[in-house]
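In full-length UniProt numbering, the protein residues as written are 1 to 322.
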């Protein structure tokens, strides 16, 4: 069974995390690392890059602290790469080419396609993702509010978050070009605004639902396995609203006399809603997976987004089903 934070790949051999996966290195630090390795001198590297030598050394020292081993050592009064430093150099050469970054740090503008399904995009990673976009104005980003199997099959996504049925054993194997990492599990339930539930009795059977407009979820796959929901919709004589927008769907439930399906953590976001129990007992929870294109697992921008997403889910860990 795949547990939280467990990594899964479609191949037989599981992905093995490496200290370099979370290397806190950006373009500037990469330039300074390569320059120091070429010049074999902190002062000469700093002079060539026109940066203060103290700042350069401090940034390289922080890199060593993160790795837990020195990357440079003095040999015959010159700096040389340690064995760990050679690993870092090889890793950066894979990212930036055999010559590393140029003196000015010029390289192609990073481009990434990010696909994060609702409700995760709006409720869990929204704030951290906005901060990332603000801090990376040089990037070209394309962000989608869904991560579908078709998008993965066509390799349109670089980094994504997808909801997967726990019963679909072959879901991950169908996308061999991606690495999957489980983040948690999200359930869904029926909700109604508490301001309207005071004046009426909460529905207890399907007939009672006829008095309400039902809000059909933004993603019908959420309810695909529920026979009870199919029966409710077949027998429902009241109004329905089909909404493709998660925000609008939630707004209709929170702000109107409607009943709709929302994530079961919704009361942590909206205190003025109440669950309507007894109707969707057969609705399965969905596993949440971080999806990364295999060839990009060591890309520095992708690694930063991965850290951001992991942080977002850690901050909201009490929202998730384990």
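A virtual CB, placed ideally from N, CA and C, is assigned to each residue, including glycine.
For the putative contact between residue i and residue j, defined by C-beta atoms under 8 Å, what is the C-beta separation to the nearest angstrom?
i           : j           : result
residue 186 : residue 321 : 7 Å
residue 67  : residue 300 : Contact doesn't hold; Cβ gap of about 15 Å is too wide.
residue 64  : residue 49  : That pair is no contact at about 19 Å.
residue 283 : residue 188 : 6 Å
residue 128 : residue 263 : At roughly 18 Å, the Cβ-Cβ gap does not stay under 8 Å, so residue 128 and residue 263 are not in contact.
residue 190 : residue 302 : That pair is no contact at about 37 Å.
residue 89  : residue 95  : Rounded, the Cβ-Cβ distance is 11 Å, inconsistent with contact.
Compare the C-alpha of residue i against each of the options and name the closest.
i           : options               : result
residue 111 : 129, 133, 142 and 130 : 142
residue 61  : 78, 291, 42 and 123   : 42
residue 292 : 280, 305 and 284      : 305
residue 57  : 36, 76 and 48         : 36
residue 274 : 203, 80, 76 and 318   : 203
residue 317 : 265, 302 and 248      : 265
residue 212 : 201, 154, 122 and 55  : 201
residue 236 : 179, 210 and 249      : 210
residue 53  : 75, 29 and 73         : 29
residue 278 : 229, 92 and 130       : 229
residue 45  : 129, 149, 78 and 69   : 78
residue 271 : 253, 284, 285 and 234 : 253
residue 216 : 251, 207 and 55       : 251
residue 76  : 315, 40, 231 and 139  : 40
residue 194 : 295, 89, 307 and 267  : 267
residue 174 : 156, 286 and 152      : 152
residue 208 : 233, 34, 221 and 184  : 233
residue 184 : 161, 38, 172 and 137  : 161
residue 69  : 23, 47 and 221        : 23
residue 205 : 170, 155, 231 and 149 : 231
residue 315 : 126, 73, 34 and 55    : 126
residue 172 : 294, 38 and 34        : 294
residue 149 : 170, 34 and 51        : 170
If you measure between the beta carbons of residue i and residue j, is that distance less than 7 Å?
i           : j           : result
residue 214 : residue 240 : yes
residue 158 : residue 113 : yes
residue 289 : residue 118 : no
residue 145 : residue 121 : yes
residue 192 : residue 243 : no
residue 182 : residue 297 : no
residue 281 : residue 166 : no
Which first and last residues belong to the alpha helix (DSSP H) in which residue i is found?
i           : result
residue 27  : 27-39
residue 175 : Note, residue 175: premise wrong, no alpha helix (DSSP H); not H, not E.
residue 257 : Segment: none, residue 257 is in no alpha helix (DSSP H) and carries neither H nor E.
residue 150 : 149-153
residue 47  : 42-49
residue 66  : 53-67
residue 234 : 227-235
residue 216 : Here residue 216 belongs to no alpha helix (DSSP H); instead the beta strand (DSSP E) covers 213-216.
residue 306 : 300-315
residue 393 : An answer regarding residue 393 cannot be provided, because it is not within the stretch 1 to 322 covered by the chain.
Please check if any C-beta of chain B sits within less than 7 Å of the C-beta of residue i.
i           : result
residue 206 : No chain B is part of this structure, which consists of one protein chain only.
Compute the minimum distance between the beta carbon of residue i and the heavy atoms of the ligand MG, and state whether it is under 6 Å.
i          : result
residue 72 : Questions concerning the ligand MG fall outside what the structure shown contains, since it holds no ligand whatsoever.
Taking the continuous beta strand (DSSP E) assigned at residue i, which residues delimit it?
i           : result
residue 240 : 240-242
residue 193 : 188-193
residue 293 : 286-293
residue 133 : That residue, residue 133, is in no beta strand (DSSP E); its alpha helix (DSSP H) goes 126-135.
residue 156 : Looking at the DSSP string, residue 156 is not in any beta strand (DSSP E), and its letter there is neither H nor E.
residue 274 : 273-275
residue 202 : Unbroken run through residue 202: none, as it is neither H nor E.
residue 72  : 72-75
residue 142 : 140-144
residue 80  : 78-81
residue 171 : Unbroken run through residue 171: none, as it is neither H nor E.
residue 111 : 111-116
Exercise for the section: Check whether the stretch 210-230 touches the stretch 74-86, taking contact to mean three or more Cβ pairs, one atom from each stretch, closer than 8 Å. Expected result: Contact fails: fewer than three Cβ-Cβ distances are below 8 Å.
Problem - Meets three-Cβ-pair contact criterion under 8 Å: the stretch 256-269 and the stretch 298-315 - result: Contact between the stretch 256-269 and the stretch 298-315 is absent, because fewer than three Cβ pairs lie under 8 Å.
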